[in-house]
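Worksheet: the structure to be examined is printed underneath.
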Amino acid sequence: MSTLLRTVSQPPGIKDLASPLGHMGIILREKGEFEKARELHFQSLKIKQNYYGEQHLETSATLNNIALVYKDKQDYQRALQYHKESLRIKHKILQVEDHLDIANSLNNLGFVYRQSNQLDRAFEYCQKSLRIQQKLLPPEHSAIAMSYHTPQIRNKTFAFNNHPEVARNLFSMGFTYESLAEFSVVLEYFQKALDMNQKFLPVDHPDMTKLNDAIARVQQEINN
Numbered sequence: 001m002s003t004l005l006r007t008v009s010q011p012p013g014i015k016d017l018a019s020p021l022g023h024m025g026i027i028l029r030e031k032g033e034f035e036k037a038r039e040l041h042f043q044s045l046k047i048k049q050n051y052y053g054e055q056h057l058e059t060s061a062t063l064n065n066i067a068l069v070y071k072d073k074q075d076y077q078r079a080l081q082y083h084k085e086s087l088r089i090k091h092k093i094l095q096v097e098d099h100l101d102i103a104n105s106l107n108n109l110g111f112v113y114r115q116s117n118q119l120d121r122a123f124e125y126c127q128k129s130l131r132i133q134q135k136l137l138p139p140e141h142s143a144i145a146m147s148y149h150t151p152q153i154r155n156k157t158f159a160f161n162n163h164p165e166v167a168r169n170l171f172s173m174g175f176t177y178e179s180l181a182e183f184s185v186v187l188e189y190f191q192k193a194l195d196m197n198q199k200f201l202p203v204d205h206p207d208m209t210k211l212n213d214a215i216a217r218v219q220q221e222i223n224n
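For what it's worth, UniProt numbering labels the leading residue of the sequence shown as 1, then goes sequentially.
Put into structure tokens, the structure is as follows:
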């Protein structure tokens with residue numbers, strides 16, 4: 001890896017290295033090697049900024065990856081900073097609010113706000129994300145309810161088919177409710193997210209592991 005990093009530090013515009021550097025950064029983050037992951041993502045960012053410019057979706061994607069590293073390091077201030085910069089670029093390039101890339105950034109911000117115990121902001125951003133999905137995803141996938149406070153509306157929400165973007169947001173909403181100690185509601189969201197992800201992800205995927213662990217934790221809270 002050190003050889004690769006030395007190569008990147010030499011300028012001859014090797015844009016093709018940006019993508020593998022980013023992928024390696026993602027793998028290292030999943031392994032918990034956050035400093036190495038951060039270094040690789042910043043190397044990727046430098047290449048993309050030099051080649052594509054600072055206002056480009058490729059640059060935005062790498063800023064998002066950097067934010068995820070800071071989130072996992074529990075450096076929530078920097079995580080919010082990089083997620084917001086990623087979102088700002090998306091708004092400037094896409095020039096629309098209703099776009100799945102925008103929804104993804106809003107969801108990421110909601111998750112960081114939840115982790116930093118800013119629950120009102122977390123709920124606000126997760127709701128914004130889900131509302132965009134309701135508008136854009138095919139009806140057989142998405143029809144997400146605009147409110148999450150009653151069993152009737154949750155049942156309506158969960159009656160529809162599956163989409164990985166919806167699963168991610170259900171997972172985030174579950175975490176928000178967990179902070180409010182509404183464990184029966186949390187379990188509904190986590191279980192539905194798991195049911196959806198089982199159709200898209202292998203059983204050993206990190207997201208599946210996180211969901212199974214989260215469900216076990218919530219079930220223990222309910223049984224106590």
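Don't be surprised by glycine CBs; every beta carbon is placed ideally from N, CA and C. Predicted, not measured: the structure shown is a model, and the values here were computed from it.
Contact under 8 Å by Cβ, residue i with residue j
i: I66; j: K15; result: no
i: S129; j: L106; result: yes
i: L211; j: F171; result: yes
i: E30; j: P206; result: yes
i: L187; j: Q219; result: yes
i: D101; j: L109; result: no
i: L45; j: M24; result: no
i: K84; j: L57; result: no
i: Y177; j: Q115; result: no
i: I132; j: A103; result: yes
i: N224; j: M208; result: no
i: N64; j: C126; result: no
Whole-angstrom C-beta distance between residue j and residue i, which should lie under 8 Å
i: Y52; j: Y70; result: At roughly 22 Å, the Cβ-Cβ gap does not stay under 8 Å, so Y52 and Y70 are not in contact.
i: Q43; j: L21; result: 5 Å
i: F190; j: I222; result: Not a contact, Cβ separation roughly 12 Å.
Same chain only: Cβ atoms within 7 Å of residue i, ignoring 5 sequence neighbours per side
i: Q49; result: T59
i: K92; result: Q55
i: F200; result: P164
i: I144; result: Confidence at I144 is low in this model, with a pLDDT of 44, below 50, so the placement of that residue is unreliable and no value is reported for it.
Residue i: CB within 7 Å of a non-hydrogen atom of the ligand ADP
i: D120; result: No copy of the ligand ADP appears in this structure; indeed no ligand is present at all.
Spatial neighbours of residue i in its chain, beta-carbon cut-off 8 Å, leaving aside the 5 residues before and after
i: R217; result: none
i: L136; result: D98, H99, L100, A103 and S142
i: T150; result: With a pLDDT of 39 at T150, under the threshold of 50, the modelled position of this residue cannot be trusted; read the value that follows with caution. Nothing meets the Cβ criterion.
i: D204; result: none
Neighbourhood of residue i by C-beta, 6 Å cutoff - its chain only, sequence neighbours within 5 removed
i: A214; result: F190
i: R78; result: Y70
i: K73; result: F34
i: A18; result: S44, I47 and K48
i: R38; result: V69
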